[in-house]
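Chemist: Residue numbers (this note's numbering): 198 to 329. Ideal Cβ placement from N, Cα and C applies to all residues, glycine included. Bear in mind the structure is a predicted one, so any value in this text is a computation, not a measurement. Please see the structure below; I have some questions.
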Ligand code: SF4
Ligand code: SF4
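Structure (structure tokens):
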């Protein structure tokens with residue numbers, strides 16, 4: 198199994214530093230890969246990244262919710278969305294995303310479709326080359 202970063206990720210980057218096998222990689226170019234991604238072949242399912250995420254974006258693969266109920270005010274970031282987000286990451290650096298949607302309280306979102314992106318980033322995307 199692996200852990201999965203979902204579209205609730207806002208590139209905070211806090212998870213990267215705690216991963217003991219350094220398998221969390223920022224999406225790049227950001228316009229095509231808006232989150233951070235976990236290399237499924239390297240992740241050892243230790244779970245250390247989960248409490249580090251201020252947006253609760255990380256789940257064990259078999260627990261990614263198909264019906265995530267929004268608290269209200271959080272963002273999802275997916276290609277094709279057109280909302281604008283500005284914030285700062287774990288290091289105080291600016292984060293700007295233009296493919297977000299702010300969720301309303303009670304809105305239900307299927308996050309399982311985000312699982313494929315984690316695999317694709319390393320199979321077909323830039324994660325493959327960055328891993329050498
Ligand atoms: S800590 Fe959360 S928001 Fe930050 S990069 Fe990791 S998954 Fe994304
Ligand atoms: S579960 Fe552990 S090994 Fe997997 S990405 Fe998170 S911190 Fe890294």
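Candidates 214, 219, 255, 204: which alpha carbon is nearest residue 324's?
Modeler: Checking every option, the nearest Cα to that of residue 324 belongs to 219.
Chemist: Taking the straight line between their C-alpha atoms, what separation do you get for residue 302 and residue 316?
Modeler: Looking at the two C-alpha atoms, the distance is approximately 30 Å.
Chemist: Ends of the alpha helix (DSSP H) at residue 336?
Modeler: No answer is possible for residue 336: it lies beyond the span of the chain, which begins at 198 and ends at 329.
Chemist: I need the DSSP call for residue 295, collapsed to helix, strand or coil.
Modeler: Reduced to three states, the DSSP call for residue 295 is strand.
Chemist: Can you tell me whether residue 293 is buried or exposed? The criterion is at least 16 other CB atoms within 10 Å of its CB, across all chains shown.
Modeler: The residue is exposed, with fewer than 16 neighbouring Cβ atoms inside 10 Å.
Chemist: Rounded to a whole number of angstroms, what is the C-alpha to C-alpha distance between residue 252 and residue 271?
Modeler: Those two C-alpha atoms are separated by around 8 Å.
Chemist: When you compare only the Cα positions, how much space is there between residue 275 and residue 204?
Modeler: So the alpha carbons of these two residues sit roughly 6 Å apart.
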